[in-house]
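A.B. asks: Input: one structure, supplied below.
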Amino acid sequence: IGGPVSLAPGLHYGIPAKAYHADPCPMPSLSSGIARKILAESPAHAYLAHPKLGGAGNTTTEAMGLGQLVHSLMDDNAEKDWELGVFDSYKSGEARAWRDRVALSGKMPVLDRDLVDAQPVADALKGKVLLPECQSEVTAIWREGDVWCRARYDKLAITNKDFWDWKTSSNDLSDRGIIKTIAKYGYHIQIAFYLRGLKACTGLDLNDLSATLVFVATKAPYTVRRVRLTPTFLGEGHRKAGEAIAKWDAAMKSGDWSDPRESAVMEAEMPVWMDDVDIEISTS
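Mind the numbering: the sequence shown is residues 213 to 496 in this note's numbering, read in order.
Laid out in structure tokens, this is it:
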């Protein structure tokens, strides 16, 4: 698909990742990532990160790059959204020029060492997770009131009324570690947001839909954990997703994307652990 994309509400197949992340809606739309940003930070941060507003986007980290590559490797039918380089690193000017050229084309630059790291992670997912017949990287576009929303399902099985979302992780994959990771990154908000999109696009009852988070370790033995949220955890996700939609709607209608924390003076209460803190003298 060349040029800007504008999609109507519904489920869409074969939409390139580049087109999805550029926001293929007629109006600036809310994604789960932007929803979590507006909740954790402010409307100002959400505006700055949105491709159709501030346009700054998110800085790609090495961990994000690995996750993106694993996602691409999991989609056997898609055209590769990355290009493999012949360089050992980005130390040379030639390597950096190649990296920038590939990134400018909308693809992800990948070194051989990156593929060496990502391939066994994707192989672990393919070998340890048995999926029913499903579609990869499905884009959902829907509206909640006046708010345009979008989501992208890693694996979607309409007949089974469920979807899967891959999460590469270098963190602790114990039960406690996974719960901490879900809470830290707001994955319960993402899952609730994605379920709302699936309901809007299919007309299915929300209670009939399900979602599975699939965590995979980025180091051997590449442990894979399948996780479903309890109704309580998912209920909190829906509450926070609704809050994010309301904040986005208010900012879009008013044009006020300010950070509300700047208009108030914080009163800092002494924490109970204050006596355990060693004072450091600042020279500034």
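For each residue, glycine too, the CB sits at the ideal point set by N, CA and C.
DSSP three-state label for P321, please.
C.D. replies: strand
A.B. asks: Can you say whether L387 is buried or exposed, counting buried as having 16 or more other CB atoms within 10 angstroms of its CB?
C.D. replies: One point to set straight first is that residue 387 is Asp, not Leu, in the sequence displayed. By the neighbour-count rule (16 or more Cβ atoms within 10 Å), D387 is not buried but exposed.
A.B. asks: In terms of residue numbering, what span does the beta strand (DSSP E) encompassing L223 cover?
C.D. replies: G222 to H224
A.B. asks: Judging by CA-CA distance, which residue of Y397, D287 and A352 is the nearest neighbour of G415?
C.D. replies: A352
A.B. asks: Taking the C-alpha atoms as reference points, what is the distance between P483 and K396?
C.D. replies: P483 and K396 have their C-alpha atoms roughly 21 angstroms apart.
A.B. asks: Counting only beta-carbon atoms, is P483 nearer than 7 angstroms to chain B?
C.D. replies: Among the protein chains of the structure shown there is no chain B, as only one such chain exists.
A.B. asks: DSSP on W354, reduced to helix/strand/coil?
C.D. replies: strand
A.B. asks: Can you tell me whether A275 is buried or exposed, with buried defined as 16 or more other CB within 10 angstroms of its CB?
C.D. replies: The predicted position of A275 is uncertain, since its pLDDT is 49 and thus under 50; a value taken from the coordinates is nonetheless stated next. It is exposed - the Cβ of A275 has fewer than 16 other Cβ atoms within 10 Å.
A.B. asks: Using a threshold of 7 angstroms, state whether the C-beta atoms of W294 and K319 are closer than that.
C.D. replies: Contact flag set, yes.
A.B. asks: I think A330 touches L281, with their Cβ atoms under 8 angstroms apart; what is that distance to the nearest whole Å?
C.D. replies: The pair is a contact, with the Cβ atoms about 4 angstroms apart (cut-off 8 angstroms).
A.B. asks: With a cut-off of 8 angstroms, do at least 3 Cβ pairs link the stretch 433-444 to the stretch 231-245?
C.D. replies: no
A.B. asks: Can you give the Cα-Cα distance for W460 and S422, rounded to whole angstroms?
C.D. replies: Whole-angstrom Cα-Cα distance: 26 angstroms.
A.B. asks: Which residue from I390, T371 and S470 puts its Cα closest to that of K379?
C.D. replies: The shortest CA-to-CA distance from K379 to any of I390, T371 and S470 is the one to I390.
A.B. asks: Looking at the structure shown, is L407 part of a helix, part of a strand, or coil, going by DSSP?
C.D. replies: helix
A.B. asks: Below 8 angstroms, can you find three or more Cβ-Cβ pairs linking the stretch 444-458 to the stretch 336-350?
C.D. replies: With a cut-off of 8 angstroms, the stretch 336-350 and the stretch 444-458 do not count as touching, because too few Cβ pairs lie within range.
A.B. asks: If you check the beta carbons only, do W376 and T424 fall under 7 angstroms apart?
C.D. replies: yes
A.B. asks: Tell me, to the nearest whole angstrom, how far the beta carbon of M239 is from that of W360; I am working on the premise that it is less than 8 angstroms.
C.D. replies: 5 angstroms
A.B. asks: Using a 10 Å radius around the Cβ and a threshold of 16 neighbouring Cβ atoms, would you call W354 buried or exposed?
C.D. replies: buried
A.B. asks: Please list, in chain order, all residues of the same chain as S470 whose beta carbon is under 8 angstroms from its beta carbon, the five residues on each side excluded.
C.D. replies: S254, P255 and A256
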